[in-house]
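In order, the protein sequences belong to chains A and B.
So for the first sequence, the numbering used here puts the first residue at 29; every next one is plus one.
So for the second sequence, the numbering used here puts the first residue at 29; every next one is plus one.
Glycine included, each C-beta is placed from N, C-alpha and C at the ideal position.
Quick caveat, the model's predicted, so the values are computed rather than measured.
There are 2 protein chains.
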Amino acid sequence: MAAITFTPTLPLVPRKAPHVLTIAGSDSGGGAGIQADLKTIEAFGCYGSSVLTGLTAQNTKGVQAVHAVPTDFVIKQLQSVVEDEAPVAIKLGMLTSATTIRALAQYLPTIEKAIVVLDPVMISTSGHYLLPDDAVEALDDLFPFVTVLTPNIPEAIRLAGFKGEVGGLEDMLKLAKDTQAKTAAKTVLLKGGHAVISRDEVLRYKGQYEIVWEEGDDEDDTVEVLSEYKSLTQVGAERDYVVDILVTGTEVVALFVGKKVISSSTHGTGCTLSSAIASSYAIRKGNDVPAGGDVKILKRAISYTQSAIASAFPFGHGHGPLNHAHLSTRRALPPPTRHNPHPFLTHLIQSNLPLWKSYVRHPFVVQLGNGSLPRECFEHYIKQDYHYLRHYARAHALGAYKASSFTDITAFSEIALHIARESEMHVSYCAQFGISREDLMAAPESAPCAAYARYVIDIGTQGDILDLYMAVASCLVGYGEVGLWLKKQVKEEKAVLEGNLYRRWMEDYSGPEFLTAVHKGIENLERRIAQNPPSEEHLARLTSIWHECVRLESRFWDMGLYKLL
Amino acid sequence: MAAITFTPTLPLVPRKAPHVLTIAGSDSGGGAGIQADLKTIEAFGCYGSSVLTGLTAQNTKGVQAVHAVPTDFVIKQLQSVVEDEAPVAIKLGMLTSATTIRALAQYLPTIEKAIVVLDPVMISTSGHYLLPDDAVEALDDLFPFVTVLTPNIPEAIRLAGFKGEVGGLEDMLKLAKDTQAKTAAKTVLLKGGHAVISRDEVLRYKGQYEIVWEEGDDEDDTVEVLSEYKSLTQVGAERDYVVDILVTGTEVVALFVGKKVISSSTHGTGCTLSSAIASSYAIRKGNDVPAGGDVKILKRAISYTQSAIASAFPFGHGHGPLNHAHLSTRRALPPPTRHNPHPFLTHLIQSNLPLWKSYVRHPFVVQLGNGSLPRECFEHYIKQDYHYLRHYARAHALGAYKASSFTDITAFSEIALHIARESEMHVSYCAQFGISREDLMAAPESAPCAAYARYVIDIGTQGDILDLYMAVASCLVGYGEVGLWLKKQVKEEKAVLEGNLYRRWMEDYSGPEFLTAVHKGIENLERRIAQNPPSEEHLARLTSIWHECVRLESRFWDMGLYKLL
Chain A
29 MAAITFTPTL PLVPRKAPHV LTIAGSDSGG GAGIQADLKT IEAFGCYGSS
79 VLTGLTAQNT KGVQAVHAVP TDFVIKQLQS VVEDEAPVAI KLGMLTSATT
129 IRALAQYLPT IEKAIVVLDP VMISTSGHYL LPDDAVEALD DLFPFVTVLT
179 PNIPEAIRLA GFKGEVGGLE DMLKLAKDTQ AKTAAKTVLL KGGHAVISRD
229 EVLRYKGQYE IVWEEGDDED DTVEVLSEYK SLTQVGAERD YVVDILVTGT
279 EVVALFVGKK VISSSTHGTG CTLSSAIASS YAIRKGNDVP AGGDVKILKR
329 AISYTQSAIA SAFPFGHGHG PLNHAHLSTR RALPPPTRHN PHPFLTHLIQ
379 SNLPLWKSYV RHPFVVQLGN GSLPRECFEH YIKQDYHYLR HYARAHALGA
429 YKASSFTDIT AFSEIALHIA RESEMHVSYC AQFGISREDL MAAPESAPCA
479 AYARYVIDIG TQGDILDLYM AVASCLVGYG EVGLWLKKQV KEEKAVLEGN
529 LYRRWMEDYS GPEFLTAVHK GIENLERRIA QNPPSEEHLA RLTSIWHECV
579 RLESRFWDMG LYKLL
Chain B
29 MAAITFTPTL PLVPRKAPHV LTIAGSDSGG GAGIQADLKT IEAFGCYGSS
79 VLTGLTAQNT KGVQAVHAVP TDFVIKQLQS VVEDEAPVAI KLGMLTSATT
129 IRALAQYLPT IEKAIVVLDP VMISTSGHYL LPDDAVEALD DLFPFVTVLT
179 PNIPEAIRLA GFKGEVGGLE DMLKLAKDTQ AKTAAKTVLL KGGHAVISRD
229 EVLRYKGQYE IVWEEGDDED DTVEVLSEYK SLTQVGAERD YVVDILVTGT
279 EVVALFVGKK VISSSTHGTG CTLSSAIASS YAIRKGNDVP AGGDVKILKR
329 AISYTQSAIA SAFPFGHGHG PLNHAHLSTR RALPPPTRHN PHPFLTHLIQ
379 SNLPLWKSYV RHPFVVQLGN GSLPRECFEH YIKQDYHYLR HYARAHALGA
429 YKASSFTDIT AFSEIALHIA RESEMHVSYC AQFGISREDL MAAPESAPCA
479 AYARYVIDIG TQGDILDLYM AVASCLVGYG EVGLWLKKQV KEEKAVLEGN
529 LYRRWMEDYS GPEFLTAVHK GIENLERRIA QNPPSEEHLA RLTSIWHECV
579 RLESRFWDMG LYKLL
């Protein structure tokens, strides 16, 4: 008998996550600083490392104490990180002192190609001054290496040496351009959270600048059903806008416009946005850095931050943290790895191991293996199996109907065809038992056969293509299991091949052709699940289909053994 | 006309995440220390805060430098965190010095009810000593407050003052009990990663202790198809075991048994496991702490850590970090919030705004509103709409077939019934235009009507119940939109009601009954999507169904306007 040669095709090593480094302070409360950065980087699917410039004893009410990290230790951390694995993007936050800033300005140019986002943190949300005056001056040394500078209005006023009031959008536009001119940063994103802007004020600049509206909004503001819902329910009916201004080179490139989120959960907003920008650049496709700010990349970071505020839950007694995990859900299953290439099938089997064993170690199978199974039991079984095969072929034809691509249509149709061809082998096999084609056709479908076969067809019709895959899986996998187990039993002399009336049946289901189909089927299932991970709820449905099919398979053996009609 | 009274039922504030605090050192490289802790806590859906005891300049190759944080600043951080929001669970890692340990032993008892997990970090994976001798002695002061102590074998030897070799499982069992006896910690989990144990050695204790096997394994080791796959492909075929021993009080409670993962990505394994245990306790249902270790809670943490090692990607030049995010996936949509209660519908509409507008601002609609629509266009449209309604009712009946609960069966059946009843109103409305029931029945189904109606039925048959929801949504939402927009147009004197031949049509679709149905339908969609968040791939399918339906709706107006057959 030919050996199986089988090359695994599952993706067994996860894609490497882009490395994003944050250089900033620690917020013990976990809502700002490197804690907010690491949570944000994680939420974007990146790998976060961190160089600490200072520690704070801090919570949602304010900063209670600060511990500066010596500059040489900051640089030691930076060397440890960068020399081991270069970051794709770097976020700079609270830099604590002028000497640290100057040391960073020396080191940064040695890191090749990294995107650098500088959040010029000077004052915490709670009003605590975080950067002494000489350190603010020292920032000048850093600006030449900065890809994106993200000041808020007070910080921009300080950086630009801006005179006069910032009352409306016109002032903000001037402030943004002045800040860029003064710092010469490649790109400046002026964060407008400190100002309230009206819709009309924004629309005044329509045509002049690209206006990037928050999801669910646009220049016409015209999804009437949603507006009505909001006005009826007093939910999401805010009318004030926040505008962030993107300046690249000396030009205003875009205005990001969103309705002001009314929330006290704003602690760490600046940290979150700047690390979101760094991460958003890190996950971009291709390595190109657009000449200026890339509107789409920035939009993704702004949207993330805005919905992290909007989805925050209450925490602490002051300005609570954002919900950094609002875009993350927990996979119901781990991905396939070299250690466990079959997390899905493993889950299915382990989720009810006694049930699985009642199928694949059924007395019918044991007696078949040791040759003690009464011939009339097998004959009854094999006649019903012919009915089952017909429905099993139909189920695959239904799969072809359920499919959306020619690849799937082909795969399902080929299996349907294969089963149809196999049915002829079934007929010739039955002939050895003196069962004619007419006998096969004439045998009424037993209740256990109908229950199982029609369940598969019904699930396939009721659900989607994955439900159908589930419904046909336990037959394929279980018969492979039975074939292999009987082969092992023969080796251990607990089952016999020589002189066994059912030898051919045993050899067929442990043969290379069938087992190759089994392995391909298993890989196909695992790949589908890994590519499109089910939610807990969805996994529960798939598992319940599996359980029902396994139970019905077990009843199918019962039918043979007890000659049930 | 009655006003709509509508109470929103969407969950608009996310559930609060349990607060888990880590007190440990910082690893600049991001793979161990509070960085690993925060990533783990995030992966378990908890909120992480952190008190830093020391900083390291560290990477995958080793620890290059250490900066101790003064004890009083450690306590200041702790006060800031705890006084603002008490943690549910606390993980203690690298505690740096005897004075810090003693100060923590003073403060910890003031925190009520928190689970405390102590990872007695003494030596880094890379061999760096992280705790001086006097600090090890000081740990005695902490033990009384510890719920779970998690030493590895060398640490346990040191803590227990164990004499002699630890060669096999028997020695380990003694070591685990000795460690508990010496420390008097409520629960000790002895991590067996430094020893290699055979399957037979484990089976010797069957019946004596609870043996908790890793997923995909059991005492019989008998899923033949998976074993064969592994032996054929050399994937996951490890034969050496790692055993973690759980001791509660003076008794061994369970052995956690898993195949040794062959990997160099083990940097931060201890940090990860201990914060996983703290998080696993934090997310347990109910506040009860089992008298000893809770096997299920610990199993969840051990499994997470094991698959985080197995799914790690290469990073750095030494022992790489674990893949903390292996169980997380990115939601394709944010959850509904008070700021944006309709993220799903907003996404659908914004994903192709011009297409949506081509439907809801179609010239047919504009002309209908201002009364200029030729009567024969409307008559053609209304006859076809009668056909469409019949298929629309059938689609809802199909929904009842696709449903899995009586709630859904009832909801779909009621809509089918409602449409059937409405069809009679349609007949009487048509009578006003001189169109009899016979005319309606006799009108052949036009191509645009058939294309749309049969598409809805086909998608409903091909896909699952959510696909069907998608296919029937654009008609409901779009007609509500048209009704509301025309009402607004009337107010702005761009459309007219008085003397408009189509007045009743306009009033029906902007009336409270229809709009209540629209809002309920929208909430239903949003709730389904929020409860069972789609993957990117699934969202793309749902979006493509929406687009196709919107396009076909637009063709349906074309049909009316240009009297297409």
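Under the criterion of a Cβ to heavy atom distance below 6 Å, does Thr-68 (chain A) qualify as lining the ligand NAP? In the structure shown, the ligand NAP is absent, as is every other ligand, since no ligand is present at all.
Sequence-distant residues of its chain with Cβ nearer than 6 Å to Tyr-409 (chain B) (five each side left out): Taking the first residue of the second sequence as position 1, residue 409 (chain B) is located at position 381. Closer than 6 Å at the Cβ level, and outside the excluded window around Tyr-409 (chain B), lie Gly-588.
Residue environment, Lys-522 (chain A), which counts as buried when at least 16 other CB atoms sit within 10 Å: Here residue 522 (chain A) corresponds to residue number 494 of the first sequence, with the count starting at 1. Classification of Lys-522 (chain A): exposed, given that the 10 Å Cβ count is below 16.
His-345 (chain B) touches chain A at which residues, Cβ-Cβ below 7 Å? By one-based count along the second sequence, residue 345 (chain B) stands at place 317. Here the neighbours are Asp-112.
From the DSSP output, in three-state form, read off Pro-349 (chain A) for me. What you label residue 349 (chain A) is simply residue 321 of the first sequence in a count that begins at 1. In this structure, Pro-349 (chain A) counts as strand in the three-state DSSP scheme.
Between the beta-carbon of Thr-124 (chain B) and the beta-carbon of Gly-82 (chain B), is there less than 7 Å? Along the second sequence, one-based indexing puts residue 124 (chain B) at 96. Along the second sequence, one-based indexing puts residue 82 (chain B) at 54. Yes, they are a contact pair.
Less than 8 Å between C-beta atoms, sequence neighbours within five positions excluded: which residues of the same chain meet that for Gln-334 (chain A)? The residue you call residue 334 (chain A) lines up with position 306 of the first sequence. Cβ within range, chain order: Glu-242, Gly-286, Val-289.
As an exercise, report each continuous beta strand (DSSP E) stretch of at least 3 residues that is fully enclosed by the stretch 146–201 of chain A, in chain order. none
Using a Cβ cut-off of 7 Å (strictly closer), state whether Ser-54 (chain B) contacts chain A. The count along the second sequence starts at 1 and reaches residue 54 (chain B) at position 26. Chain A, which has a Cβ nearer than 7 Å to the Cβ of Ser-54 (chain B), makes this yes.
Within 7 Å (strictly less), CB to CB, does His-367 (chain A) reach chain B? If you number the first sequence from 1, residue 367 (chain A) lands on position 339. Yes, because at least one Cβ of chain B sits closer than 7 Å to the Cβ of His-367 (chain A).
Nonlocal neighbours in the same chain, by C-beta distance under 7 Å from Gln-105 (chain A), ignoring five residues either side: Looking up residue 105 (chain A) in the first sequence gives position 77. Correct list, in chain order: Val-79, Leu-80.
In angstroms, rounded to a whole number, what distance separates the CA positions of Gly-90 (chain B) and Gln-63 (chain B)? Residue mapping note: residue 90 (chain B) aligns to position 62 of the second sequence, counting from 1. Residue mapping note: residue 63 (chain B) aligns to position 35 of the second sequence, counting from 1. The straight-line gap from Cα to Cα measures roughly 16 Å.
Determine, for Met-29 (chain B), whether the minimum Cβ-Cβ distance to residues of chain A falls below 7 Å. Position 1 of the second sequence, counting from 1, holds the residue named residue 29 (chain B). In this prediction, Met-29 (chain B) has a pLDDT of 43, which is less than 50 and means its spatial position is unreliable; what the coordinates show is noted afterwards. No, Met-29 (chain B) lies away from the interface with chain A (no Cβ there is under 7 Å from its Cβ).
Per DSSP, which residues does Thr-374 (chain A) bridge with? Please list them. Sequence index remark: in the first sequence, residue 374 (chain A) carries index 346 (1-based). Per DSSP, none; premise fails for Thr-374 (chain A).
Assuming contact is defined by CB atoms lying nearer than 7 Å, are Cys-405 (chain B) and Ala-499 (chain B) in contact in what I supplied? Counted from its first residue, the second sequence places residue 405 (chain B) at position 377. Counted from its first residue, the second sequence places residue 499 (chain B) at position 471. No.
Closest by C-alpha distance to Val-240 (chain B), when choosing among B:Leu-136, B:Glu-509, B:Arg-328, B:Leu-66: Position 212 of the second sequence holds residue 240 (chain B). Ranking B:Leu-136, B:Glu-509, B:Arg-328, B:Leu-66 by Cα distance to Val-240 (chain B) puts B:Arg-328 first.
DSSP has Trp-241 (chain B) in a bridge; who is on the other side? The sequence position of residue 241 (chain B) within the second sequence is 213, counting from 1. Paired residue(s): B:Val-285.
With a threshold of 7 Å between beta carbons, is Ile-377 (chain A) in contact with chain B? For the purposes of this step, residue 377 (chain A) is identified with residue 349 of the first sequence, where counting begins at 1. Interface residue, yes.
Contacts that Tyr-233 (chain A) makes with chain B (C-beta to C-beta distance below 8 Å): Within the first sequence, the letter at position 205 stands for residue 233 (chain A). Chain B residues near Tyr-233 (chain A): none, gap ~20 Å exceeds 8 Å.
What residues match up with Tyr-75 (chain B) in a beta bridge as DSSP calls it? Locating residue 75 (chain B) in the second sequence gives position 47, counting from the first residue. DSSP lists B:His-47 as partners of Tyr-75 (chain B).
Measure the C-alpha to C-alpha separation of Tyr-491 (chain B) and Pro-562 (chain A) and round it to an integer number of angstroms. Taking the second sequence and counting its residues from 1, one reaches residue 491 (chain B) at position 463. Taking the first sequence and counting its residues from 1, one reaches residue 562 (chain A) at position 534. Note on identity: in this sequence residue 491 (chain B) is Gly, with Tyr being the wrong assignment. Cα to Cα, Gly-491 (chain B) sits roughly 16 Å from Pro-562 (chain A).
Going by beta carbon distance, what residues of the same chain come within less than 8 Å of Lys-219 (chain B), once the five residues before and after it are set aside? Counting from one through the second sequence, the residue named residue 219 (chain B) turns up at place 191. Excluding positions up to five away in sequence, the list reads Thr-178, Pro-179, Asn-180, Ile-181, Asp-272, Gly-298, Leu-301.
Roughly how many angstroms separate the alpha carbons of Val-419 (chain B) and Arg-403 (chain A), rounded to a whole number? Walking along the second sequence from the start, residue 419 (chain B) turns up at place 391. Walking along the first sequence from the start, residue 403 (chain A) turns up at place 375. Checking the sequence, you will find His at residue 419 (chain B) rather than Val. So the alpha carbons of these two residues sit roughly 53 Å apart.
Could you check whether Ile-550 (chain A) and Leu-373 (chain A) sit closer than 7 Å to each other, using their CB atoms as the reference points? Walking along the first sequence from the start, residue 373 (chain A) turns up at place 345. Walking along the first sequence from the start, residue 550 (chain A) turns up at place 522. Cβ distance < 7 Å, so Leu-373 (chain A) and Ile-550 (chain A) count as in contact.
I'd like to know whether the C-beta of Ser-563 (chain A) is nearer than 7 Å to at least one C-beta of chain B. Here residue 563 (chain A) is taken as the residue at index 535 of the first sequence, counted from 1. True, the Cβ-Cβ gap to chain B drops below 7 Å.
Counting only Cβ-Cβ distances shorter than 7 Å, please list the residues of the stretch 61–92 of chain A near chain B, keeping chain order. Gln-63, Leu-66, Lys-67, Glu-70, Gly-73, Tyr-75, Gly-76, Ser-77, Ser-78, Val-79, Leu-80, Leu-83, Ala-85, Gln-86, Asn-87, Thr-88, Lys-89, Gln-92
Local Cβ density within 10 Å of Phe-72 (chain B), reported as buried at 16 or more and exposed below that: In the second sequence, counting from the first residue as 1, residue 72 (chain B) sits at position 44. Its Cβ being crowded by 16 or more others within 10 Å, Phe-72 (chain B) is buried.
Near Leu-593 (chain B), which residues of its chain fall below 6 Å by C-beta distance, leaving aside the five closest residues on each side in sequence? On the second sequence, position 565 is the one that residue 593 (chain B) refers to. Taken in chain order, the residues that qualify are Ser-474.
Our contact map puts Val-145 (chain B) next to Ala-306 (chain B) with C-beta atoms below 8 Å; I'd like the distance itself, whole angstroms only. As a first step, residue 145 (chain B) is located in the second sequence; it is residue number 117 there, counting from the start. As a first step, residue 306 (chain B) is located in the second sequence; it is residue number 278 there, counting from the start. Confirmed, about 5 Å.
State the DSSP-derived secondary structure class of Asp-492 (chain A), mapped to helix, strand or coil. Locating residue 492 (chain A) in the first sequence gives position 464, counting from the first residue. In this structure, Asp-492 (chain A) counts as coil in the three-state DSSP scheme.
Taking Cβ-Cβ distances shorter than 8 Å, what residues in chain B pair up with Asn-560 (chain A)? Sequence index remark: in the first sequence, residue 560 (chain A) carries index 532 (1-based). Simply Ser-563, Glu-565, His-566.
Three or more C-beta pairs closer than 8 Å, one from the stretch 351–371 of chain B and one from the stretch 348–362 of chain A: is that the case here? yes
From what residue to what residue does the beta strand (DSSP E) around Gly-397 (chain B) run? Here residue 397 (chain B) is taken as the residue at index 369 of the second sequence, counted from 1. First-last for Gly-397 (chain B): 391–398, but that is the alpha helix (DSSP H), not the beta strand (DSSP E).
Chain B contact for Val-484 (chain A) (CB, 7 Å cutoff): For the purposes of this step, residue 484 (chain A) is taken as the residue at position 456 of the first sequence. Not closer than 7 Å to any Cβ of chain B, the Cβ of Val-484 (chain A) fails to qualify, so no.
Rounded Cβ spacing between Ala-421 (chain A) and Ala-444 (chain A) (contact assumed at less than 8 Å): Numbered from 1 along the first sequence, position 393 holds the residue referred to as residue 421 (chain A). Numbered from 1 along the first sequence, position 416 holds the residue referred to as residue 444 (chain A). Yes, Ala-421 (chain A) and Ala-444 (chain A) are in contact; Cβ-Cβ is about 5 Å, under 8 Å.
Listed by chain order, chain A residues near Ile-550 (chain B) by CB distance under 9 Å: Numbered from its first residue, the second sequence carries residue 550 (chain B) at position 522. Simply Val-253, Leu-254, Tyr-257.
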